[in-house]
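Novice:
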Ligand code: DLL
């Protein structure tokens with residue numbers, strides 16, 4: 070295993086404030102956010118209707134009085150209607166990919182960019198990045214927040230950057246081989262792709278210079294982490310964020326890797342029951358609803374992320390006092406309801422990893438041929454398990470089906486496909502294709 074060791078040094082005082090001080094700061098910043106949001110016609114109209122003024126925000130309990138913001142609200146205010154500052158004050162515009170409809174845009178002032186770099190620096194630092202390191206950034210540089218967000222975070226720490234961007238995977242490997250970066254930054258699925266292409270070039274990814282990695286931008290499981298760590302001999306950290314709020318930098322893991330520290334001095338994160346919109350108990354899963362406390366060009370109030378996770382309020386061994394969020398187990402809009410059972414793609418991923426013989430490349434397809442939903446899980450067989458014998462393949466299929474039933478509680482049609490046949494991701498992997506609601 071890699072010799073990478075992480076200490077518990079902390080970059081900023083705000084990461085280890087006593088709770089009372091942190092909450093006082095949050096209330097002050099919430100009030101300022103409401104004041105900034107007065108400059109957004111969408112919020113202003115709601116504030117007028119509900120009698121909300123900055124002065125009426127006196128405790129964190131007042132958060133409940135503020136309106137939710139949804140993706141639909143962003144679309145209704147396309148392209149930058151939620152931005153209260155004049156165009157002349159904007160320093161950058163990023164956007165979401167728009168895979169589920171019209172894209173959305175997010176503005177940043179100079180101050181926002183500075184703050185964002187610092188937040189990325191904080192979680193990278195918590196996960197071991199120091200000025201002496203070289204980092205390869207294999208996130209796309211463009212409208213997507215991953216590339217530029219992490220880039221400036223690394224720069225803030227002072228480490229050297231190889232801005233490889235995403236794609237051209239064999240070139241990524243040449244860069245790693247020749248420039249010897251210590252760390253990789255990408256989505257977890259792209260890291261697997263890099264490892265696979267390296268092997269096809271007769272390079273054992275475990276022998277490459279990479280010792281640690283910061284992965285984010287998509288759902289992945291603990292099983293996936295173990296797989297990538299074994300395939301690449303590195304230490305992998307998880308970080309979370311979304312463009313509507315800022316991009317990467319909302320939360321990230323420290324050396325303990327026991328949940329992602331929420332950067333609570335900049336974001337108020339609620340965990341709510343997505344149906345009743347009431348808070349769930351600590352440690353219970355719910356939808357994350359995030360308020361950005363310091364964003365100048367986008368004072369987002371109670372953004373419904375659709376991401377399902379839980380929140381751990383226990384102090385962490387690293388000394389940071391911030392709450393930690395669990396992995397995102399799925400998105401409420403990705404949740405499959407199969408004959409009354411709620412299933413997240415992450416449960417299927419977990420189930421597949423429990424059975425030896427398949428590779429970590431899979432695709433879930435959902436259809437409704439009659440009145441009932443049907444799930445087909447296509448998964449690649451590992452070359453050494455691929456067999457012409459029907460009985461071998463049948464028995465592997467049955468083991469996978471049993472594992473899915475045990476973990477996810479549903480019966481899925483398992484389709485074993487030949488190695489290298491499913492599409493590889495260059496960024497965020499597509500894990501689910503939903504054919505329901507489509508004609509033909
Ligand atoms: O993916 C921001 C980001 C870039 C985060 C790089 C981390 C690293 P969007 O493209 O707007 O922004 O997508 C945000 O991706 O709502 C989650 O559903 C998902 N997501 C992001 N990070 C994680 C993670 C960026 N660590 C959406 N685990 C979010 C699970 C994640 N899902």
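In this note's numbering, the protein residues as written are 70 to 509.
Don't be surprised by glycine CBs; every beta carbon is placed ideally from N, CA and C.
Only a predicted model underlies this, so the values are computations on that prediction, with no experimental measurement involved.
Can you give me the start and stop residues for the alpha helix (DSSP H) that residue 210 sits inside?
Specialist: Residue mapping note: residue 210 aligns to position 141 of the chain shown, counting from 1. That residue, residue 210, is in no alpha helix (DSSP H); it is neither H nor E in DSSP.
Novice: So, is residue 356 buried or exposed, given that buried needs 16 or more other C-beta atoms within 10 angstroms?
Specialist: If you number the chain shown from 1, residue 356 lands on position 287. Buried, since its Cβ has 16 or more Cβ neighbours within 10 Å.
Novice: Give a yes or no on whether the C-beta atoms belonging to residue 407 and residue 442 are separated by under 7 Å.
Specialist: Position 338 of the chain shown, counted from the first residue, corresponds to residue 407. Position 373 of the chain shown, counted from the first residue, corresponds to residue 442. Yes.
Novice: To the nearest angstrom, how far is it from the Cα of residue 474 to the Cα of residue 415?
Specialist: Numbered from 1 along the chain shown, position 405 holds the residue referred to as residue 474. Numbered from 1 along the chain shown, position 346 holds the residue referred to as residue 415. If you draw a straight line from the Cα of residue 474 to the Cα of residue 415, it comes to about 14 Å.
Novice: Report all residues from its chain with a CB closer than 8 Å to the CB of residue 178; omit the five preceding and five following residues, and keep chain order.
Specialist: Position 109 of the chain shown, counting from 1, holds the residue named residue 178. Excluding residues within five positions, the ones whose Cβ falls inside 8 Å are 154, 158, 159, 160, 365 and 366.
Novice: In whole angstroms, what is the alpha-carbon distance linking residue 259 and residue 501?
Specialist: Taking the first residue of the chain shown as 1, we reach residue 259 at position 190. Taking the first residue of the chain shown as 1, we reach residue 501 at position 432. Using only the alpha carbons, I get a separation of about 17 Å.
Novice: Is the separation between the beta-carbon of residue 476 and that of residue 418 shorter than 7 Å?
Specialist: Within the chain shown, residue 476 is the residue found at index 407, counting from 1. Within the chain shown, residue 418 is the residue found at index 349, counting from 1. Cβ distance not < 7 Å, so residue 476 and residue 418 don't count as in contact.
Novice: Out of curiosity, what's the CA-to-CA distance linking residue 360 and residue 150?
Specialist: Looking up residue 360 in the chain shown gives position 291. Looking up residue 150 in the chain shown gives position 81. Distance between the alpha carbons of residue 360 and residue 150 is about 17 Å.
Novice: Spatial neighbours of residue 203 within its chain, please: C-beta separation below 6 Å, excluding the five flanking residues on both sides.
Specialist: The sequence position of residue 203 within the chain shown is 134, counting from 1. The answer, listed in chain order, is 229, 250 and 251.
Novice: Quick one: grab the DSSP three-state call for residue 340.
Specialist: Locating residue 340 in the chain shown gives position 271, where the first residue counts as 1. Of the three classes helix, strand and coil, the one that applies to residue 340 here is strand, per DSSP.
Novice: Which one of 194, 120, 212 and 198 has the shortest CA to CA distance from residue 172?
Specialist: Against the chain shown, residue 172 aligns to sequence position 103. The shortest C-alpha separation from residue 172 is found at 212.
Novice: With a threshold of 6 Å, establish whether the CB of residue 397 neighbours any heavy atom of ligand 1.
Specialist: Translated into the one-based positions of the chain shown, residue 397 becomes position 328. Yes, Cβ of residue 397 sits closer than 6 Å to a heavy atom of ligand 1.
Novice: I need the DSSP call for residue 256, collapsed to helix, strand or coil.
Specialist: The residue given as residue 256 occupies position 187 in the chain shown. Reduced to three states, the DSSP call for residue 256 is coil.
Novice: Go ahead and pull the three-state DSSP assignment for residue 125.
Specialist: Numbered from its first residue, the chain shown carries residue 125 at position 56. Residue state, collapsed to three classes: helix.
Novice: Helix, strand or coil: which one does DSSP assign to residue 332?
Specialist: Taking the first residue of the chain shown as position 1, residue 332 is located at position 263. Coil.
Novice: How is residue 359 classed by DSSP in three states: helix, strand or coil?
Specialist: For this step, residue 359 is matched to residue 290 along the chain shown. It is a strand residue.
Novice: Buried or exposed, going by whether 16 or more other CB atoms sit within 10 Å of the CB of residue 78?
Specialist: Here residue 78 refers to the residue found at position 9 of the chain shown. Answer is exposed; the Cβ neighbour count stays below 16.
Novice: Does the region 75–90 come within contact of the region 337–345, defined as at least 3 CB pairs closer than 8 Å?
Specialist: no
Novice: Do you know whose CA, among 463, 196, 295 and 460, lies nearest residue 74's CA?
Specialist: Looking up residue 74 in the chain shown gives position 5. Sorting 463, 196, 295 and 460 by C-alpha distance to the C-alpha of residue 74 places 196 at the top.
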